[in-house]
Structures are given as C-alpha cells and as structure tokens.
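Notes follow the structure.
Protein chains: 2
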Amino acid sequence: MSKLPNMFSIKHFLVVSLALNISLILRIVYDNEDGLGGYMRLRKTTTYESDTESRTEVPITHRLRLSTSNFANSTSTDHAEDRDRVINLDHGDPKMYDKFWRKMGDKTTITIPGWQSISYFSDTTNICWFLEPEFAKEVVRLHNVVGNAVTEGRYIVVGTGSSQLILAALYALSSHNAAEPIDVVSAAPYYSSYPLMTDFQKSGHYKWGGDARSFDKDGPYIELVTSPNNPEGHKTGPVLNRSNGLLIHDLAYYWPHYTPISSPSDHDITLFTVSKSTGHAGLRIGWALVKDQDVAKRMTKFIELNTIGVSKDSQLRAAKVLKVVSNSTEEENTQEGESFFKYNYEVMEQRWKQLRAALEANGLFTVANFPNGFCTFFNKKTENLPAFVWMKCEKDIEDCQSLLSQHKIMSRGGKHFGVSQRYVRVSLLDTDENFNLFIDRLSAMQL
Amino acid sequence: MSKLPNMFSIKHFLVVSLALNISLILRIVYDNEDGLGGYMRLRKTTTYESDTESRTEVPITHRLRLSTSNFANSTSTDHAEDRDRVINLDHGDPKMYDKFWRKMGDKTTITIPGWQSISYFSDTTNICWFLEPEFAKEVVRLHNVVGNAVTEGRYIVVGTGSSQLILAALYALSSHNAAEPIDVVSAAPYYSSYPLMTDFQKSGHYKWGGDARSFDKDGPYIELVTSPNNPEGHKTGPVLNRSNGLLIHDLAYYWPHYTPISSPSDHDITLFTVSKSTGHAGLRIGWALVKDQDVAKRMTKFIELNTIGVSKDSQLRAAKVLKVVSNSTEEENTQEGESFFKYNYEVMEQRWKQLRAALEANGLFTVANFPNGFCTFFNKKTENLPAFVWMKCEKDIEDCQSLLSQHKIMSRGGKHFGVSQRYVRVSLLDTDENFNLFIDRLSAMQL
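Written out as structure tokens, the structure is:
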C-alpha cells in the first residue's frame, strides 16, 4: 500500500521540479531583458539550432502542413532533440527569408574590393552626406514599384537600422531649448522597444510619456505610429490628433506580403527597414522619408554625432537586394522570375492558415480576425498576414508568456507592450523548423 | 588722372570682395559645424575632386617631393582648377590609404552572397551577441602581431565606429541612479568631437565637464584619454589620477605607422577603429577591449538600444582587411609581400619631411618636435608621425584657421579643441594631390 504513493509522488516531484526550473530560467531572462540580449543568456542553458540546421535546403511545400490532422505526424520535429529544444520566437528575427534568398542564387551576391569604403563621405552634395547614391536610387525605385510610399519631394536619411532613425527623429523633432523634455507617446499595445529606446539615454530633449490614449497633458508631444501595428498587426493611425503633436510613422511592415497596400503613405517622417521588408536584419539598414529639409538635416546631424554615418558596405548590399526585389516583381509580370512579394505572401498565408488551425484545436487563445483588403500592388483582395501573432489567453490564464515558456516557446508578454500579461506576441518569421515546432506545441497544448 | 584710380579701385574691390566671399563662406560653415556635415554645405560653392581624380594610380615616388626647392615646380597642382580648389583638411578623411589597398589588388576583395546577414545575431554565446567571431579573431591576431594591446582576458565589443563605442562606454560607466550626471573631462587640446558627442543627447547620465586640467570638483568623473593625442600627436596619459576617476583610453592612433609602439596597452577600456588604423572609414567599424564583464555587458546593451547591433557586412570586411594587414606583416618578414605598416610609415615619414621643410620656408607657424622612440614592432627607433599637424601661428596672427581658409585650406581651429584660435589642426591623411597642394600653398604663404 505504501509503495505506490511513494513512487507516484517522486515522479510527480521530478516533473514539477523540471517544469519549475525551465519556468524560472525563462522568467529570470524575461524579467531582466526586453531586448535581444536576453537570448544570449538563455543560450547557455538550451540547445539552439545551428546556422547549418536552420539553413537546410528543403522545398517549402515539404515543410508546410495544411490540416490539423497532420499536426500529430510531425516530420523533422519528432526527434528527441527537437522535443527538448527551446524555440525563440521573441525577437522577430527574420530567418524565414533565408530560403528565398538562397533560391535567388548569386543574383544578390556582391563583391566589394579592398579599396572601397575608404572615405567617410558618400555624396557631399546630399544633405545626408553618408547616403550612398545607389541605395537612395533603389529605395525610390522600390517604393514606386510597390506603391507604398510617396518619395517625390522627400529627403532620404539612411540609418543603422530604423532604431537609429527613431532616435534621430526624436532628436530632430524636439526643441533643444525647451525647459522640459517633450513627451513621446504611442497607443498601447506599442512596440516594446519604444519606452526603452526613448529613455535609456535619460535625454533632456524627450522622454517616454506612455500610452497615447491616456496622455492628458496640454503640451507638445511626439506620437509614434506603427502601421501595421507591432504587436497587433492592424493598420493604425495617430490616436491623439492634436495641433501641437508631431508624428513619426514607423511603417516597417507596410509591405504587400504582410498587408494589403491601400495607397502610398504620405507622412512627415516615415521609417522603413530592410530587416522586415527583405529580411536582412544583419545589415542594420533602415531609411527615413522626410518632408521637411530642416528635420532631415537634424536627423543627419544626430547620426553624424552618434556613429559618423552608416556602413557603406551594408548600404551597397541593401541597394543590390532592393534592386533584385524590384526586378523580381517586374520579371514576375513578364513570367520570367519569382516575385519576392508573391513568394513571401504565400509563405505568410500558409503560416497563418496553420496557426489558425492550431489555435482552433486547443481553444486556449484568441487572435483577431483581420478583414481582407484590396491591394494595389497585387491588384486584388489580399489578406492581412502580420509578422507576429498577438494572442490573448482565455480561461483563467493570467500569464500567457509563462504558459508558452512552460512549453519551451520564448515569446514576449503583454507587459512589455503596455498591456496585461494575458497577451503575448510570438514571431512568425523564424525558420520553417521552428515555426513547425511552434505549431506542433500549440496544437498539442492543454491546460 | 581720374581714370587710373578708378580702374585701380574696381580691381581692388573685386579682389577684396572675392576674398571676403570665400572667407565668409568658410566662416559660416565653421561657425555652425564642428563635425562632418559642414563639408556638404561647402560642396556647392567649391570644386571638390571627384572619386576618379582622387583615385588616379600614380606611383607614390612621382608624387612625393623631398626638398623645398621642388615646391615651386609643382606637377599636377599647377593646373588652374587646382589653384582655385578649396582643399578640405578638416576631417581626417583617410583617403591616403586608397593607394595601398589598390596595390593589394584582390587580396582584400570580399564576396557576400545574398542570404548572408539575415539574422540579427552573430554569436549568441558571446556577451557581445552581434560580434562576428571572424572579426573578433582577427582583432586579437592583429594586436598580437603589432604588440600594441593586451587582449588576453578582455571582452571585445564591436561598435559602429569608435564614436558609438565612446557613447557606449560613457553609458556603461555612469551610474544610472545618480542624482547628477557624471562629469566627462579630457585634457585640452582634446578631440573636438568629445564635448559635442557627450552633450548632444543632453543625457542625465553624463555631461561634458571641460578641460581635465581645470576640473576642480570632488565628485566622480570620466576622463577621456587619447594617446597619441588628437590633435597634438604626443603620447599622453590621464592628467587627473584621482581615486574616483574612471578612464576611457581612445587609442585610434596607437599604430606603428603613426607612433613608436613602446608596449602593449593595458587599460580598463581601450578603443580602436579601422578608420584610422587601416583607413576604412566608410566601414564604420571600431572595437573596444574591455576588462570588466559588467562594463562589456552595459556597452553591449547600449549598442542594442541604439542600433540593435553593428553591420555584419562591415565586420566581415574589417575581418578580411585586418587579416591582410597581419599577413602582410608576416610576409614582409619572409620577404614575400609589402607590409602595410612599413609602407604607410614611409608615406607618413615622407609627408612629415615635406611639411617641416614647407614650415621652415615660411616661418609663420610652429610645430612641436617629437622625440624618436624605440618601436617594438619595427624593432628599431622610429619617428612620431601624427595623422594631423597641430600648428601654432606666430607673429600677430590671431586666427590660424582663417589664415588657412584665405589660402583655400579648410582646417579646424583651436577653439574646437578647447584652446585659442592661434592653433589649428590640419589632416595629413588626404590624397597625395591634396597633400601636395597643401604643401605648395603652405610654402608659398606669406603674411
């Protein structure tokens, strides 16, 4: 009689203890870090897929599975190492794009001779004197091809990723003689890095003012508008609309594979980045389209004082990549090539189908439904296919991030975006292997 | 009688008016801008040599002239366009190095396929998770080859140029809970960008405290030490040496072609940059050797919040360039190649010879004499050959920068370095064409 309860309790103790360990490790990492650095700490306690693994060349059709009935029949994800592997879907690391660029072979290969990039200067006739003319040309061409932004009469400012451009824009828009720093606001849920980026320098020019919806001061302010929104995925606009407000539009995801392109954006300051458009996050290249000359000058000055310009090599690579994206679109129209946007729209469409099926299977989370919209780029109705899924836990689950971490899925909880931990953001841009693991775990998940 | 004075006064008026125009344009640029942006504004009013012109392949021996008697017999600089051309020796743009790298042919050529640099991450096991392992390896190797820095037990943090690393170090060293920002000081004449970089964000963490020699507060401080010093060229150390002081050593010029390497540097935080070591300013790559793990973590965090890492492409290019520099040194020892440091030491030696001869010819300026020193790298006594010449105007000249600008030489006046305008800094790292024009104008200069 006494033997059975004893064995039972030891097993139970072991399971509870292991779950607690994993949960605690993840919690420590998350509570301390909102940025990318947390990844590194976790690395030592888990197995992370190597570059080689994540870059295995497998035709996309073999990886993607359509129906929920297939979820039990995992292929590569059946291995023991995969079952134990923590998958990091916190950061939106765009590894999904690796496959398309490998398919393109040497079309985007670039050769840089040793004597290139000696001078600090790229174009001394341009306000943004470190902007490579070739990159500027391809930015304009791509926006014209896609129809997602007005470029005429705009100054282009290149940045070390759009992060640097957000800081440059805050610097440019704030009055440097003001007694108080200007408030920087954004409607919750807002991009989790906005408060951190705004406040880490403890600048006397600007400070984080919180959720735009609850901003009740009379003074001037800067509103950060992310559309489609990160984390939610909806198209958005400013929520305050007061005469003393200044706007920065972060349109990182306003590309046809994520959202229907309704019309060319036409704002005072609009930010884009290659990290989320073409998937080249390691290039650290973003660009701003700026209406006002003086703002463009001040943004340039910021980047001059911050980093004395932006890597020429990465600008040249970005120029080549944007050129191939534009070419691929034009070739698609003449049936000669594979369109970057069409290919990646199909990947995202497939991923969202799997995701919705998995969510339906477990019933633990709710996710918004997005209306289809007419896309001027594809010239037909297309779906809204955000780069992240923003999930709300149902039933009595108070901490959605912790629930996922118990299932070895690293994600980013609602508190980082200014809302409750019942919400969580999960990246959909990882490798097929990791995305499939996520889907498998999600569909098998039970309370 | 009336005709002659009239003609005379019209001619005079024209000359005076033209001189005034040039002087005013230069003055506007300089008064508003200390950084690189001023160059761009001037561009529209002057003729600046095109890339093609500056990259003409002419053997260095044909360009360099040894004795003052040759100064009148200029070669390429005799053209009318050269006589009218403003030469920009303000920034230290290292165009001199173009020639060496062209000589190296395809040794430093790099080919990057389109699928490279997709992920944000370079090495998730490293504190500096965006540091490319290949770049880190070549940094360590080069320091070992040159013997200018201890790398053992150091953390390497890569930055978008050493500018970003200076800011990262200020952020890392300051106490974020302090009531007052920590004072940042440097001994005058200090690098002109230090005050601007420290204060442009109006940070609550740190603020510019001025000349270290006149710093009389009791509290904690950060001292920036540039050795060899920019602008002076002397080897320096901290001037305060108090127990509550923190040090950042900026050793951008501690390479054997500029100064005798006396021993490996061994400081808490040491900064280097490819801009001034190999001449690749357009890469925007610098690195820090950091003793304390926590400081390395905080510097990494700064770069994460500032630019989410550093261009991978430029790190890979920098790795290749550093590798070729190390190889060239080893090949030189086996008589197989041309040593980067030997070649560029000879260029600098030649330039300083021409410069001293020209200065002797006109007697308007004084320049320090530097003692020779034993260089452990060259294993012999070598000269101190700074990248800039720091000149003091003699006689009654109050504004040395204005005097040079009247001779169409853009330079940086003493006030930017915390001293009087009787001093001026002139870059010696420009193309042979521009350097020769500078020497010609200097030797022909009269009050």
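So the protein sequences, as listed, match chains A and B. By my numbering, the letter at position 88 of the first sequence is numbered 88, and the numbering carries on one by one without gaps. Numbering-wise, my numbering comes out as the position in the second sequence, counting from 1, plus 1000. Ideal placement from N, C-alpha and C gives every residue a C-beta, glycine not left out. For clarity, every value in this text was computed on a predicted model and none was experimentally measured.
What do you get for residue i, buried or exposed, if any count of 16 or more other CB atoms within 10 angstroms of its CB means buried?
{"i": "S1411(B)", "result": "buried"}
{"i": "K88(A)", "result": "The question names Lys, yet the displayed sequence has Asn at residue 88(A). Under this definition N88(A) is a buried residue."}
{"i": "A1318(B)", "result": "buried"}
{"i": "S427(A)", "result": "buried"}
{"i": "F1435(B)", "result": "buried"}
{"i": "H1143(B)", "result": "buried"}
{"i": "Y1030(B)", "result": "Per-residue confidence for Y1030(B) stands at a pLDDT of 37, beneath the threshold of 50, marking its modelled position as unreliable; no derived number is given."}
{"i": "K301(A)", "result": "buried"}
{"i": "S1214(B)", "result": "exposed"}
{"i": "H1176(B)", "result": "exposed"}
{"i": "K320(A)", "result": "buried"}
{"i": "R425(A)", "result": "buried"}
{"i": "S243(A)", "result": "exposed"}
{"i": "D98(A)", "result": "buried"}
{"i": "E398(A)", "result": "exposed"}
{"i": "A1179(B)", "result": "exposed"}
{"i": "R154(A)", "result": "buried"}
Quick one: list the residues of chain B neighbouring residue i, beta-carbon separation under 7 Å, in chain order.
{"i": "H91(A)", "result": "Y1120"}
{"i": "A281(A)", "result": "I1118, S1119, Y1120"}
{"i": "K408(A)", "result": "Residues of chain B passing the Cβ test: none, with the nearest at roughly 16 Å."}
{"i": "F200(A)", "result": "L1305"}
{"i": "Y448(A)", "result": "Outside the displayed span of chain A (1 to 447) sits residue 448(A), for which this structure offers no information."}
{"i": "D313(A)", "result": "L1283, S1311, D1313, S1314, R1317"}
{"i": "K95(A)", "result": "I1118, S1119"}
{"i": "G161(A)", "result": "T1307, I1308"}
{"i": "T329(A)", "result": "Within 7 Å Cβ-Cβ: nothing; T329(A) doesn't reach chain B, min ~16 Å."}
Could you tell me the alpha carbon to alpha carbon distance between residue i and residue j, rounded to whole angstroms?
{"i": "E223(A)", "j": "L1196(B)", "result": "27 Å"}
{"i": "V1274(B)", "j": "A1281(B)", "result": "7 Å"}
{"i": "I1022(B)", "j": "W1208(B)", "result": "No answer about I1022(B) holds up, because its pLDDT of 43 lies below 50 and its placement is not dependable."}
{"i": "M96(A)", "j": "F1130(B)", "result": "19 Å"}
{"i": "L1429(B)", "j": "N229(A)", "result": "48 Å"}
{"i": "A489(A)", "j": "L251(A)", "result": "This structure cannot speak to residue 489(A), because chain A is shown only from 1 to 447."}
{"i": "F438(A)", "j": "L364(A)", "result": "15 Å"}
{"i": "Y206(A)", "j": "L271(A)", "result": "19 Å"}
{"i": "I1182(B)", "j": "Y343(A)", "result": "53 Å"}
{"i": "W1265(B)", "j": "C1128(B)", "result": "Sequence check: residue 1265(B) is Ser here, not Trp. Their Cα atoms are separated by approximately 22 Å."}
{"i": "E134(A)", "j": "S326(A)", "result": "14 Å"}
{"i": "D1199(B)", "j": "A444(A)", "result": "54 Å"}
Starting from residue i, find everything on chain A with Cβ-Cβ shorter than 7 Å and list it in chain order.
{"i": "T1108(B)", "result": "G114"}
{"i": "M1348(B)", "result": "Those do not exist, as M1348(B) stays about 16 Å from chain A at its closest Cβ, beyond 7 Å."}
{"i": "W1208(B)", "result": "Going along chain A, no residue has its Cβ under 7 Å from W1208(B), so there is no contact; the nearest lies around 13 Å."}
{"i": "M1197(B)", "result": "L305"}
Out of the options, which has the shortest C-alpha to C-alpha gap to residue i?
{"i": "I1269(B)", "options": "S1117(B), A1169(B), H1280(B)", "result": "A1169(B)"}
{"i": "A1212(B)", "options": "D1430(B), V1239(B), K1235(B), D1218(B)", "result": "V1239(B)"}
{"i": "K202(A)", "options": "S1119(B), L1305(B), I1110(B)", "result": "L1305(B)"}
{"i": "F341(A)", "options": "I303(A), Y258(A), D399(A)", "result": "Y258(A)"}
{"i": "I248(A)", "options": "A178(A), S192(A), I166(A), D396(A)", "result": "I166(A)"}
{"i": "R284(A)", "options": "V146(A), D93(A), R85(A)", "result": "D93(A)"}
{"i": "Y345(A)", "options": "W390(A), Y254(A), A178(A)", "result": "Y254(A)"}
{"i": "R351(A)", "options": "A387(A), A361(A), K395(A), E330(A)", "result": "A387(A)"}
{"i": "R356(A)", "options": "I308(A), M391(A), E331(A), E330(A)", "result": "M391(A)"}
{"i": "W1287(B)", "options": "V1139(B), P1231(B), Y1423(B)", "result": "V1139(B)"}
{"i": "S174(A)", "options": "G161(A), G245(A), Y120(A), F135(A)", "result": "G245(A)"}
{"i": "T278(A)", "options": "Y155(A), S339(A), E433(A), A444(A)", "result": "S339(A)"}
{"i": "G219(A)", "options": "V225(A), T198(A), V185(A), R85(A)", "result": "V185(A)"}
{"i": "M1348(B)", "options": "V1389(B), T1366(B), S1192(B), Y1171(B)", "result": "V1389(B)"}
Can you pull the chain A residues whose beta carbon is under 8 Å from the beta carbon of residue i, in chain order?
{"i": "Y1423(B)", "result": "Simply none; closest approach about 23 Å."}
{"i": "V1321(B)", "result": "G114"}
{"i": "L1167(B)", "result": "N306"}
{"i": "D1098(B)", "result": "W115, I118"}
Could you list which residues in chain B have their beta carbon closer than 9 Å to that of residue i, in chain order?
{"i": "N204(A)", "result": "According to the sequence provided, residue 204(A) is Gly. The question's Asn does not apply to it. Q1201, K1202, S1203, G1204, listed in chain order."}
{"i": "Q164(A)", "result": "T1160, N1306, T1307, I1308"}
{"i": "T226(A)", "result": "Chain B residues near T226(A): none, gap ~16 Å exceeds 9 Å."}
{"i": "T151(A)", "result": "By Cβ distance, chain B contributes nothing, its closest Cβ being about 21 Å from T151(A), past 9 Å."}
Can you pull the chain E neighbours of residue i, defined as C-beta to C-beta under 7 Å?
{"i": "R102(A)", "result": "Of the protein chains in this structure, namely A and B, none is chain E."}
Is the segment 1110 to 1121 of chain B in contact with the segment 1286 to 1297 of chain B, if contact means three or more CB pairs nearer than 8 Å? Taking one beta carbon from each stretch, the segment 1110 to 1121 of chain B and the segment 1286 to 1297 of chain B have fewer than 3 pairs nearer than 8 Å; the two do not touch.
Tell me, please, whether the segment 367 to 377 of chain A touches the segment 400 to 417 of chain A by the rule of three or more beta-carbon pairs shorter than 8 Å. Flag = no, the segment 367 to 377 of chain A and the segment 400 to 417 of chain A do not touch.
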